[in-house]
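Okay, structure first, notes after.
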Amino acid sequence: MNLSTHAFSQIVKHYKVVFFDAYGVLKNSRGIISGVAETLLWLTRAGHDIYVVTNDASKSPDAMTQSYVHPEYGSLLSASRIISSGLLAKDFLRSKVRTGRVAYLGKPGSAFYIKSAGLEALPVGSVTPADGVSALVMLDDEGFDWFGDLNRALNLIRSTNIPVVVANTDISYPVSGNEIAVAVGGLASMMEMVLGRRFIRFGKPDTMMFSYAFACACANDPSVAKSDVLMVGDTLTTDIYGANAFGIDTALVLSGNTSASSAEVQISASGIVPTYVCESILT
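For what it's worth, our numbering labels the leading residue of the sequence shown as 12, then goes sequentially.
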């Protein structure tokens with residue numbers, strides 16, 4: 012196949028609603044990518060309905076909005092426009108676990124999704140057998156001791172019959188340049204292999220994420236159809252595959268996990284074909 016790229020500014024004109032992945036598309040480890048703020052302002056002023064559809068469950072949507080505050084332009088996104096996989100995990104905990112204490116791996120801010128489900132959140136490092144936890148939730152790859160707390164979590168799962176919820180299915184995330192870091196979904200996969208069991212996962216590529224975001228868009232504008240929505244992401248196996256399966260158009264950007272040098276090979280090898288390929292959302 013011959014990979015051709017499109018100008019994002021031209022293709023986005025055909026859509027009312029735009030779903031953006033966060034890392035690798037709008038921001039990286041250093042913050043908002045230069046030029047993204049101006050693009051978001053342009054889209055908003057042009058009447059596009061914008062949402063961030065992210066597997067980031069490290070903090071609440073309200074806290075995530077702080078990443079999208081520009082020193083000159085102010086707030087670029089409200090919390091209602093951030094659809095986190097943590098919200099789906101919260102709904103599961105509220106409907107299936109209901110009461111009790113829940114152990115978690117992640118930063119303290121990620122415990123929002125447990126507490127907002129009406130449950131008591133305990134960092135896995137402080138859990139004792141007497142606590143009688145009802146579930147373990149994997150929320151973030153930071154905020155705990157990898158050696159001590161991962162082994163503590165493994166043995167907690169082995170010794171109890173509690174559900175294990177993974178609120179971020181990402182295996183890795185872009186850091187800078189071509190560098191990546193292990194995400195909590197990668198840690199979960201390792202633990203599943205060690206334990207010989209499968210965990211409950213929420214996040215892209217599961218179509219539930221896109222269904223949730225689409226419902227939010229329809230609540231804002233009941234006339235919205237799937238043909239009006241564009242998903243913009245940097246990862247074929249999560250952003251593009253999941254959105255394709257849900258039935259909405261997709262744009263793969265080459266500013267994050269998928270580089271320009273490897274995009275054609277990855278698309279050909281995986282069979283996951285985006286509707287468009289763009290260098291970034293800045294072009």
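All C-beta atoms, glycine included, are put in the ideal place defined by N, C-alpha and C.
Computed from a predicted structure; not experimentally measured.
For residue 260, the uninterrupted beta strand (DSSP E) segment begins and ends at 260-264.
Classified as buried, residue 212 has 16 or more neighbouring CB atoms from the shown chains inside 10 Å of its CB. Its chain contains 112 as the residues whose beta carbon lies nearer than 6 angstroms to that of residue 131, once the 5 sequence neighbours on both sides are disregarded; these appear in chain order.
Remark: fewer than three beta-carbon pairs, one from each stretch, lie closer than 8 angstroms, so the stretch 92-100 and the stretch 243-262 are not flagged as touching. Sorting 105, 99, 191 and 163 by C-alpha distance to the C-alpha of residue 177 places 99 at the top.
For the stretch 150-210, the full-length alpha helix (DSSP H) segments reaching 4 residues or more read 157-170 and 195-206 along the chain. The way I'd put it, the stretch 84-91 does touch the stretch 41-52; three or more beta-carbon pairs between them come closer than 8 angstroms.
Taking all protein chains shown into account, residue 202 has 16 or more neighbouring C-beta atoms within 10 Å of its C-beta and is therefore buried. Between residue 65 and residue 32 the beta-carbon gap is near 6 angstroms, inside 8 angstroms, which marks them as a contact. Residue 274 is a Cβ neighbour of residue 288, given a cutoff of 8 angstroms. Secondary structure note for residue 87: it is in no alpha helix (DSSP H), with a DSSP letter that is neither H nor E. With a contact defined as Cβ atoms closer than 8 angstroms, residue 23 and residue 245 miss out at about 16 angstroms. The DSSP-derived three-state label of residue 41 is coil.
Sequence-distant Cβ neighbours of residue 70 in its own chain, meaning closer than 8 angstroms and more than five residues away, are 118, 120, 121 and 123. Secondary structure remark: continuous alpha helix (DSSP H) runs of at least 4 residues inside the stretch 68-134, in chain order: 72-75, 96-103 and 123-126. Exclusion of the five residues before and after residue 184 leaves 34, 191, 192 and 194 as the residues of its chain whose Cβ lies within less than 7 angstroms of its Cβ. Membership of residue 252 in the alpha helix (DSSP H) is indicated by the continuous run 252-257. Excluding residues up to 5 positions away in sequence, 235 lie with their Cβ nearer than 6 angstroms to the Cβ of residue 229 in the same chain. When only Cα atoms are considered, residue 261 and residue 243 end up about 6 angstroms apart.
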